[in-house]
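Counting from 1, position 205 in the sequence shown corresponds to residue 205 in full-length UniProt numbering; the numbering is continuous, with no gaps.
We treat Cβ as the ideally placed atom computed from N, Cα and C, and that holds for glycine.
The structure presented is a predicted model; accordingly, all values stated were derived computationally and were not measured.
Here is the structure we will look at.
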Amino acid sequence: MAPAPFPVQPLHLSLRDLVPVPILVSLLDSKKILNLEIFLKQFKRPVQQIVADLQAGAGALYGAEKLLELCKMLPDAEEVRKLRAFQGPWSQLSDAETFSLLLVGVPSYDRRLELLLLQEEFFPQLNSLKCSIRILTEAARELLGCEELHVVLRLVLRAGNYMNTGGYAGHASGFRMTSLLRLADTKANKPGMDLLHFVAMEAERKDKSLLDFPSKLEHVGPASRLSHKKGPPKGAEEQAGPISPKGVSTLVGYFWHLSLAEKPLGSSQS
C-alpha cells in the first residue's frame, strides 16, 4: 500500500460547529432599526403590548410627543411591502422589525396613530387657541378705542397724500397696515431723518400726549408675535388685504421709545 502523499490531519469538531448559524434578515433600513430600537426600549414593555395599546386607542399611555416621534419612524412604502411579504421565522427579526411587522398588521395603522396624536394634542391646542383669541380680541379693542393712535395714523395718511400729490395715490382715503413698516425706508434730505421721524415730530407738535398711545396698547405686541402651524390659504392675503398688527406694533415700539426719551424731538429740532 502506497503511503499518503501528505499527512492527514484529524478533524476536531465541536457541537457549536454543527449548529447552523441563523441567517438574519433586514426588513428595515439599518438606521431606522437603530432609532426604533432606542425608541422602544424607553417604554420597558414588550413590543407586542405596545402595538396592542396603539390598536386599543390607549395613546394617553405614551403622550403626544412620543406619538409624534413614532409617526416620523413609520415604515415607508417599500418597507411595508417587505414586511407584509415576510414569511420566515420571527426569531430572525430584531425588536424593531418585530414591532413594525405587528404594526403594519393593524388595519389603518397610520391613520390610527394620526388620530391618537390628534386626541392627545386637541385640548392643549384648544386652550392655546383660546388664549390667542383672547389676546387678539383685546388687541383689536385697544386699537379701535385708542384715539391717539387714530390721530397718528391720520397724520401718516396726510403725509403720504402730500408726498404723492399729482399721482394716482395722491388722494388716498386709507392705506394698508403693512405700509407702516416702510415709513422708516422713506428718507429725507436731512441725514438721519425719515418719514417716521417727521410723523413723530408732527404728532409731538400737535399734542405731546399723542406720544403716549403705546401705553394703551399693551396687547398689540403679544398679538403680533402669535403664530400658528397652519397659515391662511395661498392668495388669501392678497384677496382680503393684509390687516396684520405687526405694522402697528412697530409704530408702537418706536413711539414708546420716543415717550421715554429724556429730550423731546421738538427741542432737538430747534
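query, result
"Between the CA atoms of residue 85 and residue 221 - distance to the nearest angstrom", "57 Å"
"Segment limits, alpha helix (DSSP H) that includes residue 100", "95-104"
"Helix, strand or coil at residue 53 [DSSP, three-state]", "helix"
"Burial state of residue 137, where buried means 16 or more other Cβ atoms lie within 10 Å", "exposed"
"For residue 209, the nearest candidate out of 149, 172, 185 (CA to CA)", "149"
"Nearest candidate by alpha-carbon position, reference residue 67, set 50, 78, 81", "50"
"CB of residue 142 within 7 Å of CB of residue 59, strictly", "no"
"Contact set for residue 206: own chain, Cβ-Cβ below 7 Å, skip 5 residues either direction", "none"
"Cβ-based burial, residue 103 [other Cβ within 10 Å; buried from 16]", "buried"
"Contained beta strand (DSSP E) runs [length at least 3] in the segment 105-165, N- to C-terminal order", "none"
"Nearest candidate by alpha-carbon position, reference residue 48, set 153, 105, 219, 215", "105"
"Coarse secondary structure for residue 185, derived from DSSP in three states", "helix"
"With 16 other Cβ atoms within 10 Å as the buried cut-off, status of residue 122", "exposed"
"Within-7 Å CB hit, residue 205 to chain C", "The structure shown contains no chain C; it holds only a single protein chain."
"Straight-line gap, residue 179 to residue 158 (C-alpha atoms, nearest Å)", "14 Å"
"Per DSSP, cross-strand counterpart(s) of residue 194", "187"
"Residue burial classification, residue 144 (beta-carbon count within 10 angstroms, cutoff 16)", "exposed"
"Delimiting residues of the alpha helix (DSSP H) encompassing residue 223", "220-224"
"Assigned secondary structure, residue 174 (DSSP; H/G/I helix, E/B strand, else coil)", "coil"
"Straight-line gap, residue 167 to residue 147 (C-alpha atoms, nearest Å)", "30 Å"
"Residue span of the alpha helix (DSSP H) that contains residue 59, given as start and end", "No alpha helix (DSSP H) contains residue 59, which DSSP labels as neither H nor E."
"Residue nearest to residue 109 in terms of C-alpha spacing, selected from 182, 216, 52", "52"
"Sufficient close CB pairs (3 or more, under 8 Å) joining the segment 93-101 to the segment 31-45", "yes"
"Pair within 7 Å by beta-carbon distance, residue 155 and residue 202", "yes"
"Expected contact under 8 Å - CB spacing of residue 152 and residue 213 to nearest Å", "7 Å"
"7 Å CB neighbourhood of residue 95 in its chain, flanking five on each side removed", "37, 40, 47"
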